[in-house]
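In order, the protein sequence lines correspond to chains A and B. Just remember that this note's numbering sits 1279 ahead of the position in the first sequence, which is counted from 1. Just remember that this note's numbering sits 51 ahead of the position in the second sequence, which is counted from 1. These notes are about the structure you will find just below.
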Amino acid sequence: MQIGHGTIVPPSGLICDVQVEYFRFKDSVTEDIQRADLIISHAGAGSCLEVLSARKPLLVVINEELMNNHQLELAQQLHEDRHVHYTTCTNLEHTLQHMDLQTLEPLPTVDSHKFTNFLDSIFGFQSQECHTSITSFMPTQM
Amino acid sequence: FEMISFLILGFVFVVGMRAVYIICSIHKGTKTASAKRYHPLKTAVIIGSGGHTTEILKLLQNLNSVNYSPRIYIMASTDTSSEVKIHKTEETCFSHNGLNSYEIVKIPRSRSVGQMYISSVFTTLFALLVSLPIMLKKRPEVIICNGPGTCIPICVIAFMMRVLYITDTKIVFVESICRVKTLSLSGKILLLFADIVLVQWPKLKERYRRTTFIGRLT
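As structure tokens, then:
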């Protein structure tokens, strides 16, 4: 459990047969995500996308007190596209008991060259992929 | 005295016409370059702190650093964590050689999270005044930003420099992946005078015709 600057400190140790541990901050939660079977998170884009790219089931919890915050948009869309389950603080317990993780679909990965290739096309630079295809073409021309 | 006020009015009118002309040509502009480019582009990246920093650095990870150099990262002076992230990305992703280099420039923050819009006007104006000499000195050819408020003064100055024939800076704004149905305030403002406003979800493209959609970027 990552609690950040939170004022509520959970009890730790064995509670109702569940081993509970928490920390405030870590430089990277990648390892924790890798070891988990289920991740429950707020709707922050960074958190959601990190979990989804690790292909782990994600349950997003919306803070009802911040109902107009733009985090909702992404969580809702990811839920509509069946990449995450989503609930509110009040419904958390109910969702945990009834959700079906099998219905979740993985988020497609994104080509990390897409933006830079796009920039290259606007400014007239040869994009790296274009360059490779030209060099493989040249021998036959000669 | 009347002569001076007439001259000032005339100047404002001419500048206004030129601004309208630039805006029209931006709105009409083609998205791909007509000619091939071989010399490097002086690039400014505006760093917005927190998740925005992570997002923009991720977008730039495959940048051909030779083509986009030198690089200037402009960030708010109160931003505590972005500097480390920038150094890390630069060390990991880009080579450094001669012109192919980077620097970090700090400016006052235009608006802090939760700051009232009324006081934001003054802090933004202050940020604008401080940024002006920096922009006049650095003169980037392209500005890449993804919001939030930090980018507005810089982009406004860049636009004015273009109007006044000082530079021909292009502005590329990438809306955050968080924005699915609504555009951020920075996005709405930049819709007017940014060259490219990239959105990452189709609903935004449907709603704001001027935006560019090439799919999710992160």
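From the three backbone atoms N, C-alpha and C, an ideal C-beta is built for every residue, glycine too.
Item to check | Contacts around B:Ala178, its chain only, beta-carbon distance under 6 Å, and the 5 residues preceding and following it disregarded | outcome: Here residue 178 of chain B refers to the residue found at position 127 when the second sequence is read from its first residue. So the list reads Ile158, Pro159, Ser161, Pro204, once near-sequence residues are dropped.
Checklist entry - Would a check of beta-carbon distances place B:Lys87 closer than 7 Å to chain A? => result Sequence index remark: in the second sequence, residue 87 of chain B carries index 36 (1-based). It does; some Cβ of chain A falls within 7 Å.
Checklist entry - At a Cβ threshold of 7 Å, is A:Val1389 touching chain B? => result To locate residue 1389 of chain A, count along the first sequence from 1; it is residue 110. Yes, A:Val1389 counts as interfacial toward chain B.
Checklist entry - Which residues in chain B sit within 8 Å of A:Glu1352, going by Cβ to Cβ distance? => result Reading the first sequence from its first residue, position 73 is the one you call residue 1352 of chain A. Correct list: Cys229, Arg230, Val231, Lys232, Thr233.
Checklist entry - So, helix, strand or coil for B:Ser128, using DSSP? => result To locate residue 128 of chain B, count along the second sequence from 1; it is residue 77. The answer is coil: DSSP assigns B:Ser128 none of H, G, I, E or B.
Item to check | Terminal residues of the alpha helix (DSSP H) in which A:Gln1313 lies | outcome: Within the first sequence, residue 1313 of chain A is the residue found at index 34, counting from 1. Where A:Gln1313 is concerned, the enclosing alpha helix (DSSP H) stretches over 1309 to 1314.
Item to check | Whole runs of the beta strand (DSSP E) within the segment 82 to 115 of chain B, excluding any shorter than 3 residues | outcome: 94 to 98
Checklist entry - Taking the C-alpha atoms as reference points, what is the distance between A:Val1339 and A:Tyr1365? => result Position 60 of the first sequence, counting from 1, holds the residue named residue 1339 of chain A. Position 86 of the first sequence, counting from 1, holds the residue named residue 1365 of chain A. If I take the Cα positions, the gap works out to 5 Å.
Checklist entry - For B:Ile98, which residues in chain A fall below 8 Å Cβ to Cβ? => result Position 47 of the second sequence, counted from the start, is the residue given in the question as residue 98 of chain B. Those do not exist, as B:Ile98 stays about 15 Å from chain A at its closest Cβ, beyond 8 Å.
Next on the checklist: On the DSSP letters alone, give me the boundaries of the alpha helix (DSSP H) that B:Thr233 sits inside.
Outcome noted: Walking along the second sequence from the start, residue 233 of chain B turns up at place 182. Segment: none, B:Thr233 is in no alpha helix (DSSP H) and carries neither H nor E.
Next on the checklist: Using only the alpha-carbon positions, how far apart do A:Asp1311 and A:Leu1383 sit?
Outcome noted: Taking the first residue of the first sequence as 1, we reach residue 1311 of chain A at position 32. Taking the first residue of the first sequence as 1, we reach residue 1383 of chain A at position 104. Distance between the alpha carbons of A:Asp1311 and A:Leu1383 is about 20 Å.
Checklist entry - Is the beta carbon of B:Ala84 sitting closer than 7 Å to the one on A:Phe1397? => result Translated into positions along the second sequence, residue 84 of chain B becomes position 33. Translated into positions along the first sequence, residue 1397 of chain A becomes position 118. No, they are not a contact pair.
Item to check | Residues that B:Ile194 bridges to, as DSSP identifies them | outcome: Within the second sequence, numbered from 1, the residue matching residue 194 of chain B stands at position 143. Per DSSP, B:Ala95, B:Ile222.
Checklist entry - In three-state terms, what does DSSP make of B:Tyr168? => result Residue 168 of chain B sits at position 117 when you count from the first residue of the second sequence. Reduced to three states, the DSSP call for B:Tyr168 is helix.
Checklist entry - What does B:Arg267 touch in chain A if you count any residue whose Cβ is under 7 Å from its own? => result Here residue 267 of chain B refers to the residue found at position 216 of the second sequence. In chain order: Val1389.
Next on the checklist: Distance check for A:Gly1285 and A:His1377, CA to CA, integer angstroms please.
Outcome noted: Walking along the first sequence from the start, residue 1377 of chain A turns up at place 98. Walking along the first sequence from the start, residue 1285 of chain A turns up at place 6. Each residue's alpha carbon lies about 28 Å from the other.
Next on the checklist: Can you list, in chain order, the residues of its chain with a C-beta nearer than 8 Å to that of A:Thr1414? Leave out the 5 residues immediately preceding and following it.
Outcome noted: Here the question's residue 1414 of chain A lines up with position 135 in the first sequence. Only weak support exists for where A:Thr1414 lies, its pLDDT of 42 falling under 50; the value from the coordinates is given anyway. Closer than 8 Å at Cβ, skipping near neighbours: no residue.
Checklist entry - Going by alpha carbons, who is nearest to B:Leu176 out of B:Gly198, B:Ser146, B:Val207, B:Ile194? => result Your numbering for residue 176 of chain B matches position 125 in the second sequence. Checking every option, the nearest Cα to that of B:Leu176 belongs to B:Val207.
Item to check | Proximal residues, the segment 1363 to 1392 of chain A versus chain B, C-beta separation under 7 Å | outcome: Val1389, Ser1391, His1392
Checklist entry - Quick one: what does DSSP say B:Lys157 is sitting in, helix, strand or coil? => result Indexing the second sequence from 1 puts residue 157 of chain B at position 106. Looking at B:Lys157 - three-state DSSP - the assignment turns out to be strand.
Checklist entry - For B:Val193, which option in B:Ile77, B:Val66, B:Lys79, B:Leu92 has the closest C-alpha, if you only look at C-alpha atoms? => result For the purposes of this step, residue 193 of chain B is taken as residue 142 along the second sequence, with counting starting at 1. The option with the nearest alpha carbon to B:Val193 is B:Leu92.
Checklist entry - Cα-Cα, which of A:Val1330, A:Arg1303, A:Ser1326, A:Gly1323 is closest to A:Asp1316? => result For the purposes of this step, residue 1316 of chain A is identified with residue 37 of the first sequence, where counting begins at 1. Closest option to A:Asp1316, Cα to Cα, is A:Val1330.
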